[in-house]
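Numbering (the UniProt record's numbering), first residue to last: 1 to 661.
Report on the following structure.
Here is the structure:
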């Protein structure tokens with residue numbers, strides 16, 4: 001290369017990083033060359049000129065001179081090549097060139113000497129987006145670039161060049177013209193995958209891999225422009241060692257470099273370390289560009305500290321008969337509160353044969369909440385001693401064990417309270433016949449005071465007596481009747497009457513106990529049967545003289561109810577007008593013996609139950625005989641024609657008496 005001005009500041013750039021060019025123009029292979037026929041490009045630039053050459057790697061036995069000698073052979077590109085009309089050698093253009101533009105970057109040669117022939121360039125970067133980047137002198141074939149290029153945007157352009165005649169008709173080509181953009185180190189390394197968080201278990205051996213940091217460089221990955229090296233710039237905090245970690249400069253792996261003893265979470269100033277990581281291109285040389293990111297490393301806890309009670313003995317006081325939490329047991333644990341290595345599990349191992357106590361862990365404080373779940377009785381035991389152990393949810397590591405401090409004693413004192421008397425039994429049951437005389441004794445209740453050491457007296461009173469049938473002797477607890485007991489009362493459910501009574505001791509303040517009394521009432525025949533319905537209607541010209549079906553019911557229980565006996569009272573007059581016929585144990589049918597005139601009739605009927613002695617109900621069935629026309633029944637005039645067989649008899653008797661004064 002010769003710029004005719006001394007080649008000041010001459011610099012060679014090779015498209016393949018496996019080669020370099022010495023200052024004297026010698027092309028040197030940095031690695032073993034295995035592929036014959038492989039092409040590469042050399043870009044030479046000085047203060048005053050620049051040029052590009054294509055080098056083709058040939059077989060090992062073929063001799064070739066230095067690059068500068070090759071360039072002296074006019075038109076020679078390393079080996080003889082097949083002659084062609086258009087010669088379009090690849091062009092190398094450094095990115096980020098400075099003005100002025102346009103700038104000549106190469107030349108296309110045509111062996112055709114046709115008069116008026118012109119070069120035409122096309123493709124992406126010429127007449128396709130992005131348009132107007134390249135252009136060609138249609139006469140000389142000089143190719144120029146119109147603005148600075150960005151390799152990271154477009155690294156290669158594949159154009160086509162052809163030769164046309166004066167009319168624009170193609171006479172040669174098209175031939176491919178490759179333009180490659182030479183990378184410059186204009187992109188800093190970037191960490192794109194953050195946030196970067198790594199974890200390492202405390203006590204891990206030296207050299208344990210924590211995490212990997214990976215940066216990205218948009219420059220050409222085949223050059224030093226994207227060859228990254230990693231370094232730790234800063235560690236926070238700096239204790240117990242300012243160099244807790246090391247990063248592999250090539251891979252970006254962060255590993256521990258301190259002994260397992262120093263990697264102790266419980267003795268660290270903080271279990272979280274922040275590392276400022278630098279990635280530098282150019283293989284880490286000073287001229288390289290840098291990018292940084294923060295790596296957060298968390299020292300994870302393992303269960304290497306057992307929980308320990310804050311004291312060996314705890315005290316608690318609870319009133320008898322009360323349930324709930326009575327004391328909170330406190331423990332200390334140096335492990336991480338967010339893990340099962342810190343969370344405590346409590347167990348009562350002695351002193352709880354009746355299962356009166358339970359203990360649970362408070363999830364916020366890690367304290368053991370000791371509770372009474374079955375009420376304690378002062379008269380049975382005034383003191384209780386529990387032995388409690390504490391463990392972690394997670395098992396301890398193999399070389400750590402639970403010690404004496406992981407057990408504690410709880411002394412519980414039970415306070416005496418005035419308890420209410422207790423009825424025996426409760427509820428109380430008794431069976432009585434209904435209608436027993438007022439003042440009859442139902443039952444004598446028995447209540448005792450659990451406070452056997454206080455020697456108190458007990459008085460009784462009625463608490464709930466819905467029907468007002470009962471009374472109780474306040475001293476001896478005898479319950480008697482103040483009214484007739486009625487099994488059919490609405491206060492009796494399923495033959496049982498329920499009342500509540502109080503037993504009140506002489507304490508200060510007095511305590512009360514409640515007793516329940518269930519009286520089962522036996523039935524007696526004290527209710528007459530009732531008849532239904534009590535009104536019937538029939539047409540005066542009815543063909544079906546079956547007037548009505550009568551039913552009977554009784555509030556009493558069997559055998560004081562059905563079968564019922566239905567009868568008609570004696571009928572007077574020259575002829576009988578109706579009769580009654582039994583259908584079953586609870587029903588009978590009234591039948592007319594002839595059609596009657598429109599009027600109201602009262603039919604006397606008696607119904608008798610099966611009790612011993614039986615009870616009879618004498619009642620009347622009102623029968624309305626109505627006129628019926630066109631399926632309509634008219635009973636409006638029957639009230640005026642009211643006829644009762646009883647009144648007829650009374651009227652006849654009155655007339656008979658007037659005839660014989």
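We put the CB at the ideal spot given by N, CA and C, even for glycine.
Taking the alpha-carbon positions, what's the residue i to residue j distance?
{"i": "residue 478", "j": "residue 354", "result": "37 Å"}
{"i": "residue 209", "j": "residue 253", "result": "7 Å"}
{"i": "residue 358", "j": "residue 429", "result": "37 Å"}
{"i": "residue 341", "j": "residue 302", "result": "7 Å"}
{"i": "residue 98", "j": "residue 148", "result": "7 Å"}
{"i": "residue 560", "j": "residue 523", "result": "8 Å"}
{"i": "residue 594", "j": "residue 546", "result": "10 Å"}
{"i": "residue 710", "j": "residue 600", "result": "This structure does not reach residue 710, given that the chain is present from 1 up to 661, and the question cannot be answered."}
{"i": "residue 223", "j": "residue 13", "result": "11 Å"}
{"i": "residue 56", "j": "residue 45", "result": "21 Å"}
{"i": "residue 563", "j": "residue 557", "result": "12 Å"}
{"i": "residue 333", "j": "residue 264", "result": "15 Å"}
{"i": "residue 462", "j": "residue 507", "result": "20 Å"}
{"i": "residue 664", "j": "residue 19", "result": "For residue 664 there is no data in the structure shown, the boundaries of the chain being 1 and 661."}
{"i": "residue 412", "j": "residue 326", "result": "9 Å"}
{"i": "residue 1", "j": "residue 179", "result": "21 Å"}
{"i": "residue 496", "j": "residue 466", "result": "12 Å"}
{"i": "residue 16", "j": "residue 183", "result": "11 Å"}
{"i": "residue 533", "j": "residue 605", "result": "12 Å"}
{"i": "residue 67", "j": "residue 244", "result": "Legend: pLDDT at residue 67 = 43, less than 50; position of this residue unreliable, value from coordinates given subsequently. If I take the Cα positions, the gap works out to 52 Å."}
Going along the chain, which residues of its own chain have a beta-carbon closer than 7 Å to the beta-carbon of residue i, five neighbours each way excluded?
{"i": "residue 22", "result": "28"}
{"i": "residue 450", "result": "379, 419, 422"}
{"i": "residue 583", "result": "549, 589"}
{"i": "residue 283", "result": "224, 227, 229"}
{"i": "residue 3", "result": "46, 48, 49"}
{"i": "residue 448", "result": "421, 422, 424"}
{"i": "residue 204", "result": "256, 260, 263"}
Report buried or exposed for residue i, applying the criterion of at least 16 other Cβ atoms within 10 angstroms of its Cβ.
{"i": "residue 434", "result": "buried"}
{"i": "residue 8", "result": "exposed"}
{"i": "residue 261", "result": "exposed"}
{"i": "residue 32", "result": "exposed"}
{"i": "residue 742", "result": "Residue numbering for the chain in the displayed model covers 1 to 661; residue 742 lies beyond these limits and cannot be assessed."}
{"i": "residue 312", "result": "exposed"}
{"i": "residue 579", "result": "exposed"}
{"i": "residue 640", "result": "With a pLDDT of 42 at residue 640, under the threshold of 50, the modelled position of this residue cannot be trusted, and the question is left open."}
{"i": "residue 80", "result": "With a pLDDT of only 38 at residue 80, under 50, the local geometry of the prediction cannot be trusted, and no value is derived from it."}
{"i": "residue 485", "result": "buried"}
{"i": "residue 541", "result": "exposed"}
{"i": "residue 305", "result": "buried"}
{"i": "residue 487", "result": "buried"}
{"i": "residue 133", "result": "buried"}
Following the continuous beta strand (DSSP E) through residue i, name the residue where it begins and the one where it ends.
{"i": "residue 20", "result": "19-21"}
{"i": "residue 566", "result": "565-568"}
{"i": "residue 578", "result": "578-582"}
{"i": "residue 353", "result": "Here residue 353 belongs to no beta strand (DSSP E), and DSSP marks it neither H nor E."}
{"i": "residue 315", "result": "313-319"}
{"i": "residue 12", "result": "11-14"}
{"i": "residue 364", "result": "Counting along the chain, residue 364 falls outside any beta strand (DSSP E), and DSSP gives it neither H nor E."}
{"i": "residue 546", "result": "546-553"}
{"i": "residue 535", "result": "535-539"}
{"i": "residue 631", "result": "From DSSP, residue 631 is part of no beta strand (DSSP E); its letter is neither H nor E."}
Only counting the same chain, and skipping five residues up and downstream in sequence, which positions put a Cβ closer than 8 Å to that of residue i?
{"i": "residue 324", "result": "371, 372"}
{"i": "residue 361", "result": "343, 344, 345, 346, 367, 368, 369"}
{"i": "residue 11", "result": "44, 45, 46"}
{"i": "residue 438", "result": "481, 482, 483, 484"}
In its own chain, which residues sit with a C-beta less than 6 Å from the C-beta of residue i, not counting the 5 before and 5 after it?
{"i": "residue 111", "result": "85"}
{"i": "residue 528", "result": "615, 617"}
{"i": "residue 608", "result": "565, 614, 616"}
{"i": "residue 320", "result": "376, 377, 378, 414, 417"}
{"i": "residue 374", "result": "356"}
{"i": "residue 298", "result": "199, 272"}
{"i": "residue 189", "result": "215, 217, 228, 279, 281, 291"}
{"i": "residue 246", "result": "255, 257"}
{"i": "residue 233", "result": "276, 278"}
So does residue i have its beta carbon nearer than 7 Å to some heavy atom of the ligand NAP?
{"i": "residue 255", "result": "In terms of ligand content, the structure shown is empty, and the ligand NAP therefore cannot be addressed."}
Just list the beta strand (DSSP E) runs in the UniProt domain "Cadherin" (192-309), keeping only unbroken ones of 3 residues or longer that don't cross its boundaries, in chain order. 196-201, 209-212, 229-236, 245-247, 253-256, 272-280, 290-300
Going residue by residue through the UniProt domain "Cadherin" (424-531), where are the continuous alpha helix (DSSP H) segments of at least 4 residues, counting only ones entirely within it? The qualifying runs do not exist here; there are none.
Quick check on the DSSP output: what are the complete beta strand (DSSP E) runs of length 3 or more inside the region 377-417, in order along the chain? 383-392, 407-415
Which ranges would you report for the beta strand (DSSP E) in the UniProt domain "Cadherin" (118-191) if only whole runs of at least 3 residues count? 118-123, 134-136, 142-145, 156-164, 170-182
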